[in-house]
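A.B. asks:
2 protein chains.
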Amino acid sequence: MKTVEYKPIGTIHSPHKDLHGMPIQPVGAKGVKGQIELENEYVEGLKDLDGFSHIILIYHLHMCNGHSLRVKPFLDNVKRGIFATRAPKRPNPIGMSVVCLEKVEGNIIHISNVDILDGTPLLDIKPYIPHFDTCEDEDVCIGWFDDKKQEAKNKKSDKRFVD
Amino acid sequence: MKTVEYKPIGTIHSPHKDLHGMPIQPVGAKGVKGQIELENEYVEGLKDLDGFSHIILIYHLHMCNGHSLRVKPFLDNVKRGIFATRAPKRPNPIGMSVVCLEKVEGNIIHISNVDILDGTPLLDIKPYIPHFDTCEDEDVCIGWFDDKKQEAKNKKSDKRFVD
Numbered sequence: 316m317k318t319v320e321y322k323p324i325g326t327i328h329s330p331h332k333d334l335h336g337m338p339i340q341p342v343g344a345k346g347v348k349g350q351i352e353l354e355n356e357y358v359e360g361l362k363d364l365d366g367f368s369h370i371i372l373i374y375h376l377h378m379c380n381g382h383s384l385r386v387k388p389f390l391d392n393v394k395r396g397i398f399a400t401r402a403p404k405r406p407n408p409i410g411m412s413v414v415c416l417e418k419v420e421g422n423i424i425h426i427s428n429v430d431i432l433d434g435t436p437l438l439d440i441k442p443y444i445p446h447f448d449t450c451e452d453e454d455v456c457i458g459w460f461d462d463k464k465q466e467a468k469n470k471k472s473d474k475r476f477v478d
Numbered sequence: 316m317k318t319v320e321y322k323p324i325g326t327i328h329s330p331h332k333d334l335h336g337m338p339i340q341p342v343g344a345k346g347v348k349g350q351i352e353l354e355n356e357y358v359e360g361l362k363d364l365d366g367f368s369h370i371i372l373i374y375h376l377h378m379c380n381g382h383s384l385r386v387k388p389f390l391d392n393v394k395r396g397i398f399a400t401r402a403p404k405r406p407n408p409i410g411m412s413v414v415c416l417e418k419v420e421g422n423i424i425h426i427s428n429v430d431i432l433d434g435t436p437l438l439d440i441k442p443y444i445p446h447f448d449t450c451e452d453e454d455v456c457i458g459w460f461d462d463k464k465q466e467a468k469n470k471k472s473d474k475r476f477v478d
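Top to bottom, those sequences are chains A and B. Quick note: the first sequence uses the numbering used here, first residue 316, plus one each step. Quick note: the second sequence uses the numbering used here, first residue 316, plus one each step.
Given below as C-alpha cells:
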C-alpha cells in the first residue's frame, strides 16, 4: 500500500527522559506536567482550544525501532496480539493520550497527566469530547485488560520495548 | 522537522462512498456496518482483539488535500482554530474513531458505528479501554462544542471540506 507522510507540528516536552520507569498511561501520570512546543506556523490553529479542559494528542513513538505482532504488554506476562494492546512496538508507532490542557501561551501549550517521552514529535491535537470519544450508552468489554486495569495507575515501564 | 512515514496496515470499507452526506462522528453512525480488510502480514497481531467490544481506529484522511488553520466546522458557522475542531483539513490529516467490534474473521474485522469513508487507509488499531481513554474522575469542559454536541447525532457532512 502507498505510504503516507506526516510532518510533525511540534514537540512534546516532559520530565520523562528515559523509556525505562515511565508511567504507562495518563492515568499513571496524574499531575505530571509538560509542554507542547508548537511550530510557529501552526499557532493560528490554536484559537478556541483554551475552552477545552482535555485534549487528545496523537504523536510519533520516535524511539521505537521495528515492530512485533505478539508482545508481552507491561500489564501482562502473556503474549498478546499487538493490536489488542497499547504497547509501543506497533506496525505504525503512533501514540495517543488524553491529557489535561492547563494553558495556551503563544506557541506553548501547558499540559498535565503527561505519560509521553520528552522530545516526542507531535502529529495532531484534537479536542476531547466525551460525547464523541466515549461509549457512554453502550456496554463495553475490555478483554484481557479486565483484571489488570487497576494496576495501570502504579505500573512503570521497563526495558522490554527498548532495543 | 523530520517527516515520519507510515505504511497503512489495511483498508476500511463502509457504505459511505462520498464525502458529502456522511455522518460526522460515530455517534451519528449507530448501526452503520463496515469491514476492515487487514493486510495479511499483520493478521497475527489480531490475537486477543475479539475480547474487546470497542476499538480505536487511527486512519489517514486520504481525500483531504491541504489544510486550513481556521475552519467553519460542520457543527458551527463561526471560524474556529483547526485544533479546536474535529474537521478533516488538519495539518496532518489523521482521523480517529471509536467503533464497535462485531467479529474478527481471518483478516476481516467486522465493525459498526462506522463514520469513515469507504477505501480509507488504516494506520492503527488500539483496544478501547475506558479506564485509559476517558476522564472518568475529572471535570471536562468542551468549549464551543458545549451547545452543539446534541446536533452531532443527526448532522451530515456537506461539501465544505471537499476541494
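The beta-carbon is built from N, C-alpha and C at its ideal position, and this holds for glycine as well.
Please list the terminal residues of the continuous beta strand (DSSP E) segment that includes Pro436 of chain A.
C.D. replies: Counting along the chain, the beta strand (DSSP E) containing Pro436 of chain A begins and ends at Thr435 to Pro442.
A.B. asks: State the DSSP-derived secondary structure class of Gln350 of chain A, mapped to helix, strand or coil.
C.D. replies: In this structure, Gln350 of chain A counts as strand in the three-state DSSP scheme.
A.B. asks: State the Cα-Cα distance for the pair Tyr374 of chain A and Ile444 of chain B, rounded to the nearest angstrom.
C.D. replies: Taking the straight line joining both Cα atoms gives about 19 Å.
A.B. asks: Looking at chain B, is there any beta carbon in it that lies within less than 9 Å of the beta carbon of Ala399 of chain A?
C.D. replies: It does; some Cβ of chain B falls within 9 Å.
A.B. asks: One question on the structure: do His331 of chain B and Asp454 of chain B come within less than 9 Å of each other, judged by their Cβ atoms?
C.D. replies: No.
A.B. asks: Tell me the DSSP bridge mates of Thr326 of chain B?
C.D. replies: BP columns for Thr326 of chain B point to B:Glu352 and B:Pro436.
A.B. asks: Pick helix, strand or coil for Gly421 of chain B, following the three-state DSSP scheme.
C.D. replies: DSSP places Gly421 of chain B in coil when its eight states are reduced to three.
A.B. asks: His446 of chain A lies in the alpha helix (DSSP H); which residues open and close that run?
C.D. replies: Element bounds for His446 of chain A: Pro445 to Asp448.
A.B. asks: Could you check the C-alpha separation between Ser329 of chain B and Phe476 of chain B for me, to the nearest Å?
C.D. replies: The straight-line gap from Cα to Cα measures roughly 20 Å.
A.B. asks: Looking only at its own chain, which residues have a Cβ that is under 7 Å from the Cβ of Arg405 of chain B, when we skip the five neighbours before and after it?
C.D. replies: Answer for Arg405 of chain B: His382 and Ile397, listed in chain order.
A.B. asks: Quick one, are the C-beta atoms of Ile351 of chain B and Ile423 of chain B less than 9 Å apart?
C.D. replies: Against a cut-off of 9 Å, the Cβ pair of Ile423 of chain B and Ile351 of chain B comes out as a contact.
A.B. asks: With H, G and I counted as helix, E and B as strand and the rest as coil, what does DSSP make of Phe367 of chain B?
C.D. replies: Three-state result, Phe367 of chain B: strand.
A.B. asks: Quick check on Cys450 of chain A - is its C-beta less than 9 Å from some C-beta in chain B?
C.D. replies: Cβ-Cβ to chain B under 9 Å: yes for Cys450 of chain A.
A.B. asks: Measuring alpha carbon to alpha carbon, tell me which of B:Ser412, B:Cys379, B:Gln465 and B:Pro436 ends up nearest Asn407 of chain A.
C.D. replies: The shortest Cα separation from Asn407 of chain A among B:Ser412, B:Cys379, B:Gln465 and B:Pro436 belongs to B:Pro436.
A.B. asks: With Val414 of chain A and Asn392 of chain A assumed to form a contact (beta carbons below 8 Å), what rounded beta-carbon distance in angstroms separates them?
C.D. replies: Contact flag wrong, Cβ pair sits at about 29 Å.
A.B. asks: Just to confirm, are Lys471 of chain B and Pro338 of chain B a CB contact at a threshold of 9 Å?
C.D. replies: Yes. Within cutoff.
A.B. asks: Where does Val319 of chain A fall in DSSP's three states?
C.D. replies: Correct three-state label for Val319 of chain A: strand.
A.B. asks: According to DSSP, which residues form a beta bridge with Pro272 of chain A?
C.D. replies: In the structure as shown, chain A starts at 316 and stops at 478, and residue 272 of chain A therefore has no counterpart that could be examined.
A.B. asks: For Ala402 of chain B, which residues of its own chain have a beta-carbon under 7 Å away from its beta-carbon, when the five flanking residues on both sides are left out?
C.D. replies: Here the set comprises Val386, Pro388 and Phe476.
A.B. asks: Below 7 Å between beta carbons is the criterion; list the residues of the segment 430-442 of chain A that meet it against any residue of chain B, in chain order.
C.D. replies: Residues passing the 7 Å Cβ filter: Pro436, Leu438, Asp439, Ile440, Lys441 and Pro442.
A.B. asks: Within 9 Å of any Cβ in chain A, is that where the Cβ of Gly368 of chain B sits?
C.D. replies: For clarity, residue 368 of chain B is Ser in the given sequence; the question names Gly instead. So yes, Ser368 of chain B belongs to the interface.
A.B. asks: If you reduce the DSSP assignment to three classes, tell me which class Gly360 of chain B lands in.
C.D. replies: Correct three-state label for Gly360 of chain B: helix.
A.B. asks: Counting only beta-carbon separations shorter than 9 Å, does Gly396 of chain A have a partner in chain B?
C.D. replies: Closer than 9 Å to some Cβ of chain B, the Cβ of Gly396 of chain A qualifies, so yes.
A.B. asks: In chain B, which residues lie with their C-beta within 9 Å of the C-beta of Asp389 of chain A?
C.D. replies: Looking at the sequence provided, one finds Phe at residue 389 of chain A rather than Asp. Chain B residues near Phe389 of chain A: none, gap ~12 Å exceeds 9 Å.
A.B. asks: Is Asp365 of chain A closer than 9 Å to Lys418 of chain A when the C-beta atoms are compared?
C.D. replies: Yes; because the gap between Cβ atoms is below 9 Å, this pair is in contact.
A.B. asks: Identify which residue in A:Lys468, A:His446 and A:Asp461 has its Cα closest to the Cα of Gly343 of chain B.
C.D. replies: Of the listed residues, the one whose Cα sits closest to Gly343 of chain B is A:His446.
A.B. asks: Can you tell me whether DSSP reads Ile409 of chain B as helix, strand or coil?
C.D. replies: Looking at Ile409 of chain B - three-state DSSP - the assignment turns out to be strand.
A.B. asks: Return the bridge partner residues of Leu376 of chain A from the DSSP annotation.
C.D. replies: DSSP, once it has assigned bridges, lists no residue as partnering Leu376 of chain A.
A.B. asks: Is Lys345 of chain B closer than 9 Å to Ile426 of chain B when the C-beta atoms are compared?
C.D. replies: Contact flag unset, no.
A.B. asks: Take the Cβ of Thr400 of chain A as the centre, count every other Cβ of all protein chains shown within 10 Å, and call the residue buried at 16 or more, exposed below.
C.D. replies: Thr400 of chain A is buried by the Cβ-count criterion.
A.B. asks: Going by other Cβ atoms of all chains shown within 10 Å of its Cβ, with 16 needed for buried, is His335 of chain A buried or exposed?
C.D. replies: Answer is exposed; the Cβ neighbour count stays below 16.
A.B. asks: In its own chain, which residues sit with a C-beta less than 7 Å from the C-beta of Met378 of chain B, not counting the 5 before and 5 after it?
C.D. replies: Closer than 7 Å at the Cβ level, and outside the excluded window around Met378 of chain B, lie Leu334 and Leu432.
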